[in-house]
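Engineer: The sequence shown runs 5 to 289 under this note's numbering.
Even glycine gets a Cβ: it sits at the ideal position worked out from N, Cα and C.
It should be emphasised that the depicted structure is a prediction, and the values quoted were computed from it without experimental measurement.
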Amino acid sequence: MIYSMTGYGKSVLQLPTKKVTVELKSLNSKSLDLNARMPSIYREKELAIRKLLAEKLERGKVDFSIYVETTAEDTSTQINTPVVKQYMQQLKQVVDGDAIELLKMAVRFPDALNTVREEIDENEWELINNEINLAVNDLITHRLNEGEVLEADFKLRINTIDTLLEQVIAIDPERIEGVRERLLKGVEELKEKYDENRFEQELVFYIEKFDITEEKVRLKNHLNYFLETMNSKDSNGKKLGFISQEIGREINTIGSKSNYAPMQQLVVQMKDELEKIKEQLLNAL
Numbered sequence: 005m006i007y008s009m010t011g012y013g014k015s016v017l018q019l020p021t022k023k024v025t026v027e028l029k030s031l032n033s034k035s036l037d038l039n040a041r042m043p044s045i046y047r048e049k050e051l052a053i054r055k056l057l058a059e060k061l062e063r064g065k066v067d068f069s070i071y072v073e074t075t076a077e078d079t080s081t082q083i084n085t086p087v088v089k090q091y092m093q094q095l096k097q098v099v100d101g102d103a104i105e106l107l108k109m110a111v112r113f114p115d116a117l118n119t120v121r122e123e124i125d126e127n128e129w130e131l132i133n134n135e136i137n138l139a140v141n142d143l144i145t146h147r148l149n150e151g152e153v154l155e156a157d158f159k160l161r162i163n164t165i166d167t168l169l170e171q172v173i174a175i176d177p178e179r180i181e182g183v184r185e186r187l188l189k190g191v192e193e194l195k196e197k198y199d200e201n202r203f204e205q206e207l208v209f210y211i212e213k214f215d216i217t218e219e220k221v222r223l224k225n226h227l228n229y230f231l232e233t234m235n236s237k238d239s240n241g242k243k244l245g246f247i248s249q250e251i252g253r254e255i256n257t258i259g260s261k262s263n264y265a266p267m268q269q270l271v272v273q274m275k276d277e278l279e280k281i282k283e284q285l286l287n288a289l
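1. Nearest-angstrom Cα distance between R222 and Q273?
2. Going by DSSP, what residue range makes up the alpha helix (DSSP H) through K89?
3. Three or more C-beta pairs under 8 Å: does that hold for the stretch 264-278 against the stretch 163-171?
4. Rounded to whole angstroms, what's the CA-CA distance from G182 to Y210? Just pull it up for me.
5. For Q93, is the classification buried or exposed, using 16 other Cβ atoms within 10 angstroms of its Cβ as the cut-off for buried?
6. What are the boundary residues of the beta strand (DSSP E) that includes V271?
7. In or out: S293 buried (at least 16 other Cβ within 10 Å) or exposed?
8. To the nearest angstrom, how far is the alpha carbon of R186 from that of P177?
9. In angstroms, rounded to a whole number, what distance separates the CA positions of K108 and Q97?
10. Quick check on V26: does DSSP put it in helix, strand or coil?
11. How about L56 and E128: do their beta carbons lie closer than 8 Å?
12. Can you tell me whether I258 is buried or exposed, with buried defined as 16 or more other CB within 10 angstroms of its CB?
13. Report yes if the C-beta distance between R70 and Y46 is below 8 Å; otherwise report no.
14. Report the partner residues of R161 according to the DSSP bridge assignment.
15. At 3 residues or longer, and completely inside the stretch 208-270: list those beta strand (DSSP E) runs for me, N to C.
16. Give me the residue from I175, S30, R184 with the minimum Cα distance to Q205.
17. CA-CA distance, G13 and A52?
18. Whole angstroms are fine: how far does the CA of P114 sit from the CA of N287?
19. Sorted by chain position, which residues of the same chain lie with C-beta nearer than 6 Å to S262's C-beta, five sequence neighbours on each side aside?
20. Can you find the residues in the same chain that come closer than 8 Å, C-beta to C-beta, to E50, ignoring five residues on each side of it along the sequence?
21. For T21, which of T74, S35, S33, I175 has the nearest alpha-carbon?
22. Just to confirm my understanding: we take T25, look at its own chain, exclude 5 residues before and 5 after, and list those with CB closer than 6 Å. What are they?
23. Tell whether a beta-carbon distance below 8 Å holds between E27 and A139.
24. For F230, collect the residues of the same chain with a Cβ closer than 8 Å to its Cβ; drop the 5 residues on either side in sequence, then sort them by chain order.
25. Return the CA-CA distance between N201 and E218, expressed in angstroms with no decimal places.
26. Buried or exposed: which applies to V172, given that a residue is buried once 16 or more other Cβ atoms fall within 10 Å of its Cβ?
27. Could you give the residue range of the alpha helix (DSSP H) that holds R41?
28. If distances are taken between C-alpha atoms only, which option among K220, L160, I104 comes closest to N256?
29. How big is the Cα-Cα spacing for N134 and E126?
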């Protein structure tokens, strides 16, 4: 099973005096990079929110937001009536003016308005916390859907590499025979007498340097291991990344040993498929 690190989650709670919207966005990242935005009244809950997101989302660049929209008469700002009246009396001593005009000036002065610090209503917070969990689950579902697309692409490309490997295995005897013929032709063109037994010994030694039997077996094992890991219960993009590095090593070794154009062409195609896998693995959780 594969989860993508890319996802989006949202949940909306309608309260009697306000509408609370919880929103989550996630992109790929090597670790958990969390940015939280919320009204100051909920700041004391931020550590608990971060702990919840770290447990459930594990990795990714995550933007978490709580938006509050007031839908009724519910304000934490109040007019400081005694101070405003005092300002108006002082203004009357300076200028003659309409009471409304004096009031307009008075409310602009310092301390004319009081902002009362709100306290969290725990019952209300319990409802909001539930919405946070719903938004997180929404994001996880989105990640799973994106992961299914990644999984299908990985399977296709791993199977393509496997098919190319089978073609490499099929032409390997032809490659070895070609190496043997080139060496024999080169020796014959020297028009010198040579010990055939010694030549065969040297030929065997030389051909062993180009033998890719171990690389073919290891590459096949790595491809199978990639699929097994991908189908395991937990998503593990980092582990798949390590396996893809091992796949790359075997492909590169086959390419450096091949010394045969048709095989090198197959190696180039395998490298191309592997690079596309590595690019997509950056998104895998």
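Structural biologist: Answer, in terms of the structure:
1. One-based indexing of the sequence shown puts residue 222 at position 218. One-based indexing of the sequence shown puts residue 273 at position 269. Their backbone Cα atoms lie some 18 Å apart in a straight line.
2. On the sequence shown, residue 89 is found 85 positions in, with the first residue counted as 1. Taken as a continuous stretch (DSSP letters only), the alpha helix (DSSP H) holding K89 covers 85-98.
3. yes
4. The residue given as residue 182 occupies position 178 in the sequence shown. The residue given as residue 210 occupies position 206 in the sequence shown. Roughly 13 Å separates the two Cα atoms.
5. Indexing the sequence shown from 1 puts residue 93 at position 89. Per the 10 Å Cβ criterion, exposed.
6. Position 267 of the sequence shown, counted from the start, is the residue given in the question as residue 271. Element bounds for V271: not the beta strand (DSSP E) but the alpha helix (DSSP H), 265-285.
7. Here the chain covers residues 5 to 289 and nothing more, so residue 293 does not appear.
8. Within the sequence shown, residue 186 is the residue found at index 182, counting from 1. Within the sequence shown, residue 177 is the residue found at index 173, counting from 1. So the alpha carbons of these two residues sit roughly 14 Å apart.
9. For the purposes of this step, residue 108 is identified with residue 104 of the sequence shown, where counting begins at 1. For the purposes of this step, residue 97 is identified with residue 93 of the sequence shown, where counting begins at 1. Their Cα atoms are separated by approximately 16 Å.
10. For the purposes of this step, residue 26 is taken as the residue at position 22 of the sequence shown. Three-state result, V26: strand.
11. In the sequence shown, residue 56 corresponds to position 52, counting from 1. In the sequence shown, residue 128 corresponds to position 124, counting from 1. No, the pair does not count as a contact, with Cβ atoms beyond the cut-off.
12. Indexing the sequence shown from 1 puts residue 258 at position 254. I258 comes out buried.
13. Here the question's residue 70 lines up with position 66 in the sequence shown. Here the question's residue 46 lines up with position 42 in the sequence shown. The question names Arg, but residue 70 in the sequence shown is Ile. Yes, the Cβ-Cβ distance between I70 and Y46 is below 8 Å.
14. Locating residue 161 in the sequence shown gives position 157, where the first residue counts as 1. Paired residues: none, contrary to the question.
15. none
16. The count along the sequence shown starts at 1 and reaches residue 205 at position 201. Taking only the C-alpha atoms, the option nearest Q205 is R184.
17. What you label residue 13 is simply residue 9 of the sequence shown in a count that begins at 1. What you label residue 52 is simply residue 48 of the sequence shown in a count that begins at 1. For G13 and A52, the distance between alpha carbons rounds to 19 Å.
18. Residue numbering aside, residue 287 sits at position 283 when the sequence shown is read from its first letter. Residue numbering aside, residue 114 sits at position 110 when the sequence shown is read from its first letter. Rounded to whole angstroms, N287 to P114 spans 52 Å at the Cα level.
19. By 1-based counting over the sequence shown, the position of residue 262 is 258. Within the same chain, S262 has close Cβ partners Q268.
20. Position 46 of the sequence shown, counting from 1, holds the residue named residue 50. If we look at E50 and ignore the five residues flanking it on each side, its Cβ neighbours are A40, M42.
21. For the purposes of this step, residue 21 is identified with residue 17 of the sequence shown, where counting begins at 1. It is T74.
22. Taking the sequence shown and counting its residues from 1, one reaches residue 25 at position 21. Counting only Cβ-Cβ distances below 6 Å, and skipping sequence neighbours, we find V16, Y71.
23. Here residue 27 corresponds to residue number 23 of the sequence shown, with the count starting at 1. Here residue 139 corresponds to residue number 135 of the sequence shown, with the count starting at 1. A contact, by the Cβ cut-off of 8 Å.
24. Position 226 of the sequence shown, counting from 1, holds the residue named residue 230. For F230, where only same-chain residues beyond five positions count, the Cβ hits under 8 Å are F158, I162, L244, I247, S248, I251.
25. Within the sequence shown, residue 201 is the residue found at index 197, counting from 1. Within the sequence shown, residue 218 is the residue found at index 214, counting from 1. Cα-Cα distance, rounded: 27 Å.
26. Counting from one through the sequence shown, the residue named residue 172 turns up at place 168. Buried, by the Cβ-count rule.
27. Position 37 of the sequence shown, counting from 1, holds the residue named residue 41. First-last for R41: 36-41, but that is the beta strand (DSSP E), not the alpha helix (DSSP H).
28. One-based indexing of the sequence shown puts residue 256 at position 252. It is K220.
29. As a first step, residue 134 must be located in the sequence shown, where it is residue number 130. As a first step, residue 126 must be located in the sequence shown, where it is residue number 122. N134 and E126: Cα-Cα distance of roughly 12 Å.
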